[in-house]
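> The listed protein sequences derive, respectively, from chains A and B. When the letters of the first sequence are read in order and numbered with the working numbering, they come out as residues 178 to 398. When the letters of the second sequence are read in order and numbered with the working numbering, they come out as residues 178 to 398. Ideal Cβ positions, reconstructed from N, Cα and C, are used throughout, including at glycine. Take a look at the following structure, please.
Number of protein chains: 2
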Amino acid sequence: MFKKVLIAEDFQDTNKGIVDALETRLQIETIQEELYCDTAFNRFKLAYDKGEPFELLITDLSFKETHVKRRLTSGKELIDAVRGVDENCKVIVNSMIDDPGEINPLFTDQKINGYVCKGRYSLNELVNAIHEVYQNRTYVSPNLNLNAANAVHEMDKYDLMILKDLAEGYTKKEISARLKKQNISPNSESTIDKKVSRLFDEFGAKNTHHLIAKLIKQGKL
Amino acid sequence: MFKKVLIAEDFQDTNKGIVDALETRLQIETIQEELYCDTAFNRFKLAYDKGEPFELLITDLSFKETHVKRRLTSGKELIDAVRGVDENCKVIVNSMIDDPGEINPLFTDQKINGYVCKGRYSLNELVNAIHEVYQNRTYVSPNLNLNAANAVHEMDKYDLMILKDLAEGYTKKEISARLKKQNISPNSESTIDKKVSRLFDEFGAKNTHHLIAKLIKQGKL
DNA sequence: CAATCCCTTACAGATTTCCGTAAGGGATTG
DNA sequence: CAATCCCTTACGGAAATCTGTAAGGGATTG
Chain A
178 MFKKVLIAED
188 FQDTNKGIVD
198 ALETRLQIET
208 IQEELYCDTA
218 FNRFKLAYDK
228 GEPFELLITD
238 LSFKETHVKR
248 RLTSGKELID
258 AVRGVDENCK
268 VIVNSMIDDP
278 GEINPLFTDQ
288 KINGYVCKGR
298 YSLNELVNAI
308 HEVYQNRTYV
318 SPNLNLNAAN
328 AVHEMDKYDL
338 MILKDLAEGY
348 TKKEISARLK
358 KQNISPNSES
368 TIDKKVSRLF
378 DEFGAKNTHH
388 LIAKLIKQGK
398 L
Chain B
178 MFKKVLIAED
188 FQDTNKGIVD
198 ALETRLQIET
208 IQEELYCDTA
218 FNRFKLAYDK
228 GEPFELLITD
238 LSFKETHVKR
248 RLTSGKELID
258 AVRGVDENCK
268 VIVNSMIDDP
278 GEINPLFTDQ
288 KINGYVCKGR
298 YSLNELVNAI
308 HEVYQNRTYV
318 SPNLNLNAAN
328 AVHEMDKYDL
338 MILKDLAEGY
348 TKKEISARLK
358 KQNISPNSES
368 TIDKKVSRLF
378 DEFGAKNTHH
388 LIAKLIKQGK
398 L
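Here it is as structure tokens:
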């Protein structure tokens, strides 16, 4: 079994649950937990340089923003950074996200080894995932089937992201800037304009106020 | 200290972390965890009827939907149900939500005793919260200031009327015209501007999009 | 290969929002 | 009565929204 495992997860209580399970059910010797992507990466790099690398990284995808400016702010970035240091380290993602469309790229692009969808029995799942990954197999939460990734939504993930930001008071200019910073494309103000305008037609809204109100009332936001 | 505590939280790993903390740091004798609102309520009711009631309920607000149809699907509903059985049981909510506008009603309407915002150090907070609540005080995560929403400045009919129109996509010019036609005063565009701006401050909204979204989510629109 | 479609982007103009300043009127108070 | 406060209203400027036009690129098709 793995001897050195690093956990990045910003919910302290969740974190504690994972550590406990790993200790008691897998007898892993060294378990380090970090609450921030940055510190997690630093610890990873340090251990690698010392010649005592971590063998497995368990990370969430989303980390709450803090007042402190951080270089790494998402699990995705952390994985990229880690991959840049050590190609061979196993990675298991443990997140709430259950959209196959978002998870698939993690395997194809980020080369992760396992995905556990946070939920009622995720702790058991995580233990299974670690077993599988240790034996060089991949693991995916059984309750989500990555095959049926193409459910026809009226609003795709991109639209939803924009609408959520708008509903939180961000301007299209700010949203455009954010998308650029996160290397998400398309990201021009013009395209955002177009996307939202199309939603006006689809949902029969007069303007953004109206659209936001409708979507929230429909539970889609 | 409390002797019987019930935890409702659908993330098994989070759950585990809480249980662990409660056991080791508070020496609570009986800790029951449930992953569903329904089963949590059943357990609560059963214990109450037996004359061995729970003294404290710790619950999340949102629970993932499942294929199984459930009578209770949110923490709010669970709290209501519990309150219907035992008025005296303490309730602490442990959730990701950090919008004071959503949290305040929990105290005023649901009569909860504590609120802990899930985050990096929420486990420590939860322990503090339990201490406070045990001594008949209320607890609120310090990082979110309920003051912004604490002066629950009731929106009057006039504000409500304007906001509803805005949410339906009317411009302030149109609203002003309508008010004039209906002989409702004040009715100038300028006054409408001012009224809405004041609501930005009161509800901590960045702009109209934000304000509408907040109010609808709070059920005030 | 050319025609076509679709998506992204830039840009421009009209409208709307947002925010500050300021004037006027009514009510209250010392 | 004067001073003050609050509410309404007008106005102006900066920023944002909304809409239309147009150019360019990639993918598809015949």
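#1: How many Å lie between B:Lys383 and B:Pro282 at the Cα?
#2: Please work out which residues of its chain come closer than 7 Å, Cβ to Cβ, to B:Leu203, disregarding the five sequence neighbours upstream and downstream, and give them in chain order.
#3: What ranges does the alpha helix (DSSP H) occupy inside the region 346 to 378 of chain A, keeping only unbroken runs of at least 4 residues that lie completely in it?
#4: One question on the structure: do A:Ala258 and B:Ala390 come within less than 8 Å of each other, judged by their Cβ atoms?
#5: What does A:Asn384 touch in chain B if you count any residue whose Cβ is under 7 Å from its own?
#6: Apply the 10 Å Cβ neighbour rule to B:Arg375 and answer buried if 16 or more other Cβ atoms are within range, or exposed otherwise.
#7: Quick one: residues in its chain with C-beta nearer than 7 Å to the C-beta of A:Leu199, no 5 flanking neighbours on either side, listed in chain order?
#8: Tell me whether A:Asp378, by its Cβ, gets closer than 7 Å to a heavy atom of the ligand FMN.
#9: Consult DSSP for A:Gln209 and reduce its assignment to one of helix, strand or coil.
#10: With 8 Å as the threshold, decide whether the Cβ of A:Lys295 is near any Cβ in chain B.
#11: Can you confirm whether the region 206 to 226 of chain B touches the region 282 to 296 of chain B when touching is taken to mean that 3 or more C-beta pairs between the two stretches lie within less than 8 Å?
#12: Do B:Gly278 and B:Gln359 have their beta-carbon atoms positioned less than 8 Å apart in this structure?
#13: Rounded to whole angstroms, what is the Cα-Cα separation between A:Glu186 and B:Thr348?
#14: Give the residues of chain A in contact with B:Asp226, contact being defined as C-beta atoms less than 7 Å apart.
#15: Distance, Cα to Cα, B:Leu249 vs A:Leu337?
#16: Taking Cβ positions, are B:Gly194 and A:Asn192 nearer each other than 8 Å?
#17: Name the residue from A:Cys266, A:Tyr316 and A:Cys294 whose alpha carbon lies nearest to the alpha carbon of A:Ser410.
#18: Whole angstroms is fine: what's the gap from B:Glu264's alpha carbon to B:Glu232's?
#19: Beta carbons nearer than 9 Å to chain A: which residues of the region 196 to 223 of chain B have them?
#20: Within 10 Å of its beta-carbon, does B:Asn313 have 16 or more other beta-carbons around it, so buried, or fewer, so exposed?
#21: Hey, does B:Asp237 have any beta-carbon neighbour from chain A nearer than 8 Å?
#22: Considering just the uninterrupted stretch of the beta strand (DSSP E) at A:Gly291, what are its terminal residues?
#23: Does the distance from the C-beta atom of B:Ile352 to that of B:Ile361 stay below 8 Å?
#24: Within the 8 Å Cβ cut-off, does B:Ile339 reach chain A?
#25: To the nearest angstrom, report how far apart B:Asp190 and B:Glu309 are at their CA atoms.
#26: Can you pull the chain A neighbours of B:His387, defined as C-beta to C-beta under 8 Å?
#27: Against A:Lys350, what residues of chain B qualify as contacts under a CB-to-CB distance less than 8 Å, listed in chain order?
#28: Per DSSP, which residues does A:Leu409 bridge with? Please list them.
#29: Is there a Cβ of chain B sitting closer than 8 Å to that of A:Asp336, yes or no?
#30: Helix or strand or just coil, what does DSSP make of B:Tyr298?
#31: So, at 8 Å on beta carbons, what are the nonlocal neighbours of A:Lys372 in its own chain, with the 5 sequence-adjacent residues on each side left out?
#32: Tell me which residues share the same chain as B:Asp342 and place their Cβ nearer than 7 Å to its Cβ, disregarding the 5 neighbours each side in the sequence.
#33: Is A:Asp370 close to chain B? Criterion is C-beta to C-beta, closer than 8 Å.
#34: Between A:Val270 and B:Ile280, what straight-line distance do the alpha-carbon atoms span, to the nearest angstrom?
#35: Using DSSP bridges, identify the partner residues of A:Ser415.
The answer reads as follows:
#1: 22 Å
#2: Met178, Val304 and Ile307
#3: 349 to 358
#4: Result no, Cβ atoms of A:Ala258 and B:Ala390 do not sit closer than 8 Å.
#5: Gly346
#6: It is exposed - the Cβ of B:Arg375 has fewer than 16 other Cβ atoms within 10 Å.
#7: If we look at A:Leu199 and ignore the five residues flanking it on each side, its Cβ neighbours are Val182, Ile205 and Ile208.
#8: As far as ligands go, the structure on display features none, and thus does not contain the ligand FMN.
#9: strand
#10: yes
#11: no
#12: Their beta carbons are not under 8 Å apart, which means B:Gln359 does not touch B:Gly278 by this criterion.
#13: 45 Å
#14: Those do not exist, as B:Asp226 stays about 26 Å from chain A at its closest Cβ, beyond 7 Å.
#15: 27 Å
#16: yes
#17: Any property of residue 410 of chain A remains undetermined from this structure, which presents chain A solely from 178 to 398.
#18: Cα atoms of B:Glu264 and B:Glu232: separation of roughly 11 Å, rounded to the nearest angstrom.
#19: Val196, Asp197, Ala198, Leu212 and Tyr213
#20: exposed
#21: no
#22: Gly291 to Cys294
#23: no
#24: no
#25: C-alpha separation (whole angstroms): 25 Å.
#26: Ala344, Glu345 and Gly346
#27: The premise fails here: A:Lys350 is roughly 13 Å from chain B at the closest Cβ pair, so nothing lies under 8 Å.
#28: Absent from the model: residue 409 of chain A. The displayed extent of chain A is 178 to 398, so no value can be given.
#29: no
#30: coil
#31: Tyr335, Asp336 and Ile339
#32: Apart from the 5 residues on each side of it in sequence, B:Asp342 sits with its Cβ closer than 7 Å to the Cβ of Ile352 in its chain, given in chain order.
#33: It does not; no Cβ of chain B falls within 8 Å.
#34: Whole-angstrom Cα-Cα distance: 30 Å.
#35: Not covered by the structure: residue 415 of chain A. The range shown for chain A is 178 to 398.
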